[in-house]
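Going line by line, the protein sequences match chains A and B. Just so we're aligned: 22 in UniProt numbering is position 22 of the first sequence, and the numbers increase by one with no gaps anywhere. Just so we're aligned: 228 in UniProt numbering is position 228 of the second sequence, and the numbers increase by one with no gaps anywhere. Below is one structure, written out as structure tokens; comments come after it.
2 protein chains.
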Amino acid sequence: MKRVTMADVAERAGVSKSTVSQYLNQRYEYMGEETKKKIAEVIDATGYQANTLARSLKQKRTFTIGVIVANILHIFSTQVIRAIEDVCHQQDISVIVCNADDDPKKEEKYITMLRAKQVDGLIVFPTGENKTLYDQMVQERYPLVFVDRLVEGLSVDTFLLDNKAALRLAVDYLVEKQHRYIAIITTSLIRHVTPRVERISGYRIALEQHDLPIHEEYIQGVNVEDISIALAHLLALTPRPTAIIAGNDLTLMEILKSIKRDKKHIPNDFALLGIDDVAYAPLFEPPLTTIAQPAFQIGEAAARCLLEKINSESMNDRRQPGIHRFQPKLVVRASC
Amino acid sequence: MKRVTMADVAERAGVSKSTVSQYLNQRYEYMGEETKKKIAEVIDATGYQANTLARSLKQKRTFTIGVIVANILHIFSTQVIRAIEDVCHQQDISVIVCNADDDPKKEEKYITMLRAKQVDGLIVFPTGENKTLYDQMVQERYPLVFVDRLVEGLSVDTFLLDNKAALRLAVDYLVEKQHRYIAIITTSLIRHVTPRVERISGYRIALEQHDLPIHEEYIQGVNVEDISIALAHLLALTPRPTAIIAGNDLTLMEILKSIKRDKKHIPNDFALLGIDDVAYAPLFEPPLTTIAQPAFQIGEAAARCLLEKINSESMNDRRQPGIHRFQPKLVVRASC
DNA sequence: CTGAAAGCGCTTACAG
DNA sequence: CTGAAAGCGCTTACAG
Chain A
1 MKRVTMADVA ERAGVSKSTV SQYLNQRYEY MGEETKKKIA EVIDATGYQA
51 NTLARSLKQK RTFTIGVIVA NILHIFSTQV IRAIEDVCHQ QDISVIVCNA
101 DDDPKKEEKY ITMLRAKQVD GLIVFPTGEN KTLYDQMVQE RYPLVFVDRL
151 VEGLSVDTFL LDNKAALRLA VDYLVEKQHR YIAIITTSLI RHVTPRVERI
201 SGYRIALEQH DLPIHEEYIQ GVNVEDISIA LAHLLALTPR PTAIIAGNDL
251 TLMEILKSIK RDKKHIPNDF ALLGIDDVAY APLFEPPLTT IAQPAFQIGE
301 AAARCLLEKI NSESMNDRRQ PGIHRFQPKL VVRASC
Chain B
1 MKRVTMADVA ERAGVSKSTV SQYLNQRYEY MGEETKKKIA EVIDATGYQA
51 NTLARSLKQK RTFTIGVIVA NILHIFSTQV IRAIEDVCHQ QDISVIVCNA
101 DDDPKKEEKY ITMLRAKQVD GLIVFPTGEN KTLYDQMVQE RYPLVFVDRL
151 VEGLSVDTFL LDNKAALRLA VDYLVEKQHR YIAIITTSLI RHVTPRVERI
201 SGYRIALEQH DLPIHEEYIQ GVNVEDISIA LAHLLALTPR PTAIIAGNDL
251 TLMEILKSIK RDKKHIPNDF ALLGIDDVAY APLFEPPLTT IAQPAFQIGE
301 AAARCLLEKI NSESMNDRRQ PGIHRFQPKL VVRASC
């Protein structure tokens, strides 16, 4: 019933706790064969399992990191999390994932909670609204890494898509396909979230480079619930857009639902290009052309970067934090 | 740089650690207003955050649970996890998720690791291959709950779909649609994993109830990589099945890929019914008829059950563990 | 080669 | 109403 403790093991093996501890930590250097064997036996017999909590308290290291995603509904988040978990578990680091649900209050709560739990570091998809908190961590030189979103004026390693390149790829391809009237729909812009903002601006830049005029009405940043309306609005415009870019997976899903509901035909009614290579993209009729984010690589890089920070003895051998951009890939199928 | 500790707060507030601790734990009963105010001030000024580790060590409670899923690639797992996280976070319980990747060795590692971390309880989608370990937890009366899979001879609360009912629903519907030649494909059966085994047997029972013969060749349990082959095999049989049931989401995805590749037409070439109501089901052409699992409810119930166990003071007010079946729902669309 | 002692940062009877 | 002391289960110099 009661868990066996190191003291118990020591007693039963007739040695001191220190020796058991040495044994556990493989500090065999000066340990007698006899002693080793005895301890091994007792551990085996009792099924003793060291209490990580106690060790962590003493060592000031929990071998656990926290991940706070802004919104877990995006598959991008899910994929990044998986990558993080993969690299962490390989190194016997646990990860606690929290979903801020795009709510800065929740984000604050989770940051506080995870730090109280003494996690060794944090990977966050920042809502952007808790600058004081972020800044405090930077000041303390607490191991911190951002993913997907930039926070202005903060020197934190940030891993994200090269959004500008993504939109350049998208627009280039659509133009090549003879489209001149290209619209874009994405989820709400009110919070100035990096990917959305950068994708819109990337869109503008790309159009300009093709000497195409920018119709402000062609740019729709609306709540998920209103995407269907935004789409209808777009299709009622003159000139009517012949191609539409879905700014992310959630947007794409909504557009697809509208298409089914209204029995539109792609690419005849309009060409469609999605950002985020969703799993069902090849299954849709027609198969969807998308821009893929290297989510796995982003997550992996973020995790490695964080672990490196955690392991860097002196704060000094840490490099200057920077922005790490990852290249998008165009996956050509048949929707445009 | 250095984190401020309770001793620091006590000193600066001119009181003892005990008092600070009382304050933190809202044991205000006998506390002077003055004292309260002073402590509050110091905490505010220093940004003091209690170290949960130390508290946990003393209280023998970490306010953290572990979740080990057999295979995170199933959306069912993802949805259950989300539900668990939702109910836990509401109660300020953190959750650490691990993916055993269908590997009993990994499962063992994670169980050991999580218990070493002193998590207050465990929700596991058991691989089924670590009976000794499971049994040990049962013996210790360690809070444990299973999801999705039964482990024979073990008295553990288990939350899962009523698989038999699910197949009854499926077969009933197909029969109603005039199908007499109904086949089923699912992922490998070698490990005798509950959902697969029960779905096959549910399929048999349902066919019998309709006085339909059972063609053993119509039952395919194969590895994911071989699903496409199994499908081709099925379609080459005489009599050729007119309807196919996909045993889970991964199977469905593979079948769909084959369909696209071979330019088959649903439901003309054959009717298709999937278990797991995947997000893209309404988007496929034709929209897919599926059997939905109440994944969210299952996760929620499992989490509540675990938290209850954790909170039940005496072991005695614990109910007898049992099997909790959840009812499937037929979502009629157009693929059969 | 091994052990005694202090300490990590809390909580919790208990005394006063 | 508040504090001294012991203790949670480890690790880590240090002594011998």
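Even for Gly, the Cβ is constructed at its ideal location relative to N, Cα and C. Just so you know, these numbers come straight off a predicted model, no measurement behind them.
Within chain A, the residues whose beta carbon sits less than 7 Å from that of residue 97 (chain B) are 97, listed in sequence order. Remark: C-beta atoms of residue 274 (chain B) and residue 291 (chain B) approach each other more closely than 9 Å.
In terms of beta-carbon proximity, residue 85 (chain A) lines the interface with chain B, with at least one pair separated by less than 9 Å. DSSP places residue 299 (chain A) in the uninterrupted alpha helix (DSSP H) bounded by 295-311.
Judged by their CB atoms, residue 327 (chain A) and residue 157 (chain A) are not nearer to each other than the 9 Å cut-off.
Residue-level contact check: residue 62 (chain A) touches chain B, since one or more beta carbons of chain B fall below 9 Å from its beta carbon. Going by DSSP, residue 136 (chain A) is part of the alpha helix (DSSP H) stretching over 131-140.
In terms of beta-carbon proximity, residue 292 (chain B) stays away from the interface with chain A, with every pair separated by 9 Å or more. In this structure residue 17 (chain A) is in contact with residue 6 (chain A), their Cβ atoms being roughly 5 Å apart against a cut-off of 8 Å. Ranked by how close their Cα comes to the Cα of residue 210 (chain A), the residues A:170, A:334, A:126 and A:44 have A:170 in first place. Interface criterion not met: the Cβ of residue 125 (chain B) is under 9 Å from no Cβ in chain A. In the three-state reduction of the DSSP assignment, residue 61 (chain B) falls in the coil class, being assigned neither a helical nor a strand state.
Using a 10 angstroms sphere on the CB of residue 28 (chain B), the tally of other CB atoms stays under 16, which defines it as exposed. Close to residue 216 (chain B), with beta-carbon spacing below 7 Å, lies no residue of chain A; the smallest spacing is near 30 Å. Under the Cβ distance rule, residue 248 (chain A) does not count among the residues neighbouring chain B, no pair being separated by less than 9 Å. When the five nearest sequence neighbours on each side are left out, the beta carbons in the same chain lying within less than 7 Å of the beta carbon of residue 23 (chain B) are those of 31, 36 and 39, in order along the chain. Taking residue 241 (chain B) as the centre and dropping the five residues before and after it, the same chain places the C-beta of 181, 182, 183, 218, 234 and 270 closer than 7 Å to its C-beta, in chain order. When rounded, the separation of the alpha-carbon atoms in residue 296 (chain B) and residue 73 (chain A) is 15 Å. In this structure, residue 307 (chain B) sits near residue 93 (chain B), with a CB-CB distance shorter than 9 Å. Taking CB atoms only, residue 92 (chain A) has a neighbour in chain B less than 9 Å away. Using a Cβ-Cβ cut-off of 9 Å, residue 192 (chain B) does not count as an interface residue toward chain A, since no Cβ of chain A sits closer than that to its own.
In summary, the residues of the segment 270-283 of chain B whose CB is separated from some CB of chain A by less than 9 Å are 278, 279, 280, 282 and 283, in the order they occur in the chain. Neighbours of residue 53 (chain A) in chain B, taken as residues at a C-beta separation under 8 Å, are given in chain order as 53, 56, 57, 62, 117 and 118.
Interface annotation for the segment 24-51 of chain A against chain B: 47, 49, 50 and 51, criterion Cβ-Cβ distance under 8 Å.
Note that the C-beta distance between residue 115 (chain A) and residue 49 (chain B) is below 9 Å. Distances from the CA of residue 65 (chain B) to each of B:57, B:206, B:85 and B:325 were compared; the closest alpha carbon is that of B:85. Between the segment 93-109 of chain B and the segment 135-155 of chain B there are fewer than three C-beta pairs closer than 8 Å, too few to call the two in contact.
In summary, no residue of the segment 162-193 of chain B has a CB separated from any CB of chain A by less than 7 Å. Here residue 70 (chain B) has 100, 102, 125 and 127 as same chain residues with Cβ atoms under 6 Å from its own Cβ, once five neighbours each way along the sequence are excluded.
Residue range 94-99 is occupied by the beta strand (DSSP E) that includes residue 99 (chain B). Closer than 9 Å to the CB of residue 112 (chain B) there is at least one CB belonging to chain A. The shortest C-alpha to C-alpha distance from residue 46 (chain A) to any of A:205, A:10, A:54 and A:79 is the one to A:10.
If you keep only unbroken alpha helix (DSSP H) runs of at least 4 residues inside the segment 198-274 of chain B, you get 227-235 and 249-261.
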